[in-house]
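Asker: For the sequence shown, the working numbering gives the first residue as 1, with consecutive numbering after it.
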Amino acid sequence: MRRNTLWLVLFAIAITLTGCGGGKTKRDGPGSARIPDLPGDAVPRREPRSKYGNGRDLGNGPQYEVLNKTYTVMPSSAGYQERGVASWYGNKFHGNLTSNRETYDMYAMTAAHKTLPLPTYVRVRNLSNDKSVVVRVNDRGPFVHNRIIDLSYAAALKLDMVKNGTSLVEVTAHNFDESQGDRPTSVRKPAQPPLTSTPTVTSSQLFVQVGAFGERSNAARRLAFLSGSGIDNAFVFEDKSSGTTLYRVRIGPVADVIQYDVLVEELEGLGITDPYLITE
């Protein structure tokens, strides 16, 4: 990564984390108050789409605006899975109304998301320790760059991410299969194939994928572009698991949220806006 931009990016991230969804301290938790017994996971059940918090359909689907940015609410949570950075919110918002006009309880298993329909049930898995929880999305946010979900204090505590304030996670929506009655089913994308070339990886390492190509020459051009831009830990490996060889360009391993934020910021500066976080 280019050293002449690294500290500027880190400084920008530090400023960003002081906003909603980042820079958490113990003051955002319960403080000296007694912490109630933590609840069990939210239990997915069929619920009607909330009257509030799901935007207004002005011709381009249901939308809403925050901080001069327009967000389009997804028509359904079916098939949703995303990996990225989770944050949490606590005492500062405890007792306030959520976007769907419920009262926010920092000790309940809830979350905020920018575009999932309200309510939606999701499983959140902490990629650093493999702990997971099921939460009910009933709020909007986090409106911070490079954050995909804002968890309640209780959910963050159960994922062991309160101290750091953020964590790299996988978020998967729960959906209901008509043939299975009220039993929720988790819809997942196919698992990524294992690496087949250097560097040697362990089961807990994280990588960012920035391209998958059918031609080796195209992957080589992407790799050369990254290397010429100062990103020196990118590599190409061959994936033959589907019968057709794909040349996947990956960067890493990524150690933590800070390194991931810096990398995503730099990739966006290079015009690469769709990196995919994977675990191996």
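Backbone N, C-alpha and C define an ideal beta-carbon position, used for all residues, glycine too.
For E102 and N138, what's the separation of their Cα atoms in angstroms?
Answerer: In a straight line, the C-alpha of E102 is about 8 Å away from that of N138.
Asker: Check the DSSP bridge columns for K69 and list the partner residues they point to.
Answerer: V66
Asker: Which of helix, strand or coil does DSSP assign to F213?
Answerer: Reduced to three states, the DSSP call for F213 is strand.
Asker: Looking only at its own chain, which residues have a Cβ that is under 7 Å from the Cβ of L6, when we skip the five neighbours before and after it?
Answerer: Low confidence applies here, because L6 scores a pLDDT of 46, under 50, leaving its location unreliable; read the following figure in that light. A distance below 7 Å between beta-carbons, with the five flanking residues on each side excluded, links L6 to the following residues of its chain, in chain order: V262.
Asker: Provide the residue span of the beta strand (DSSP E) that contains D150, from first to last.
Answerer: 149–152
Asker: Is it right to say A224 is buried, meaning 16 or more other beta carbons lie within 10 angstroms of its own, or is it exposed?
Answerer: Residue burial annotation: A224 is exposed, with fewer than 16 other C-beta atoms found within 10 angstroms of its C-beta.
Asker: Could you tell me the distance, in whole angstroms, from the CA atom of A12 to the CA atom of G243?
Answerer: The predicted model places A12 with a pLDDT of 42, which falls under 50 and marks its position as unreliable, so this point remains unresolved.
Asker: Which runs of the beta strand (DSSP E) fall wholly inside the segment 33–58 and span at least 3 residues, in chain order?
Answerer: Every candidate beta strand (DSSP E) stretch fails here, since none sits fully inside the segment 33–58 while reaching 3 residues.
Asker: What residue from A255, E238, P253 has the CA that sits closest to Y247's CA?
Answerer: E238
Asker: Taking the continuous beta strand (DSSP E) assigned at D261, which residues delimit it?
Answerer: Here D261 belongs to no beta strand (DSSP E); instead the alpha helix (DSSP H) covers 257–269.
Asker: Between the segment 49–69 and the segment 168–175, can you find at least three pairs of beta-carbon atoms closer than 8 Å?
Answerer: no
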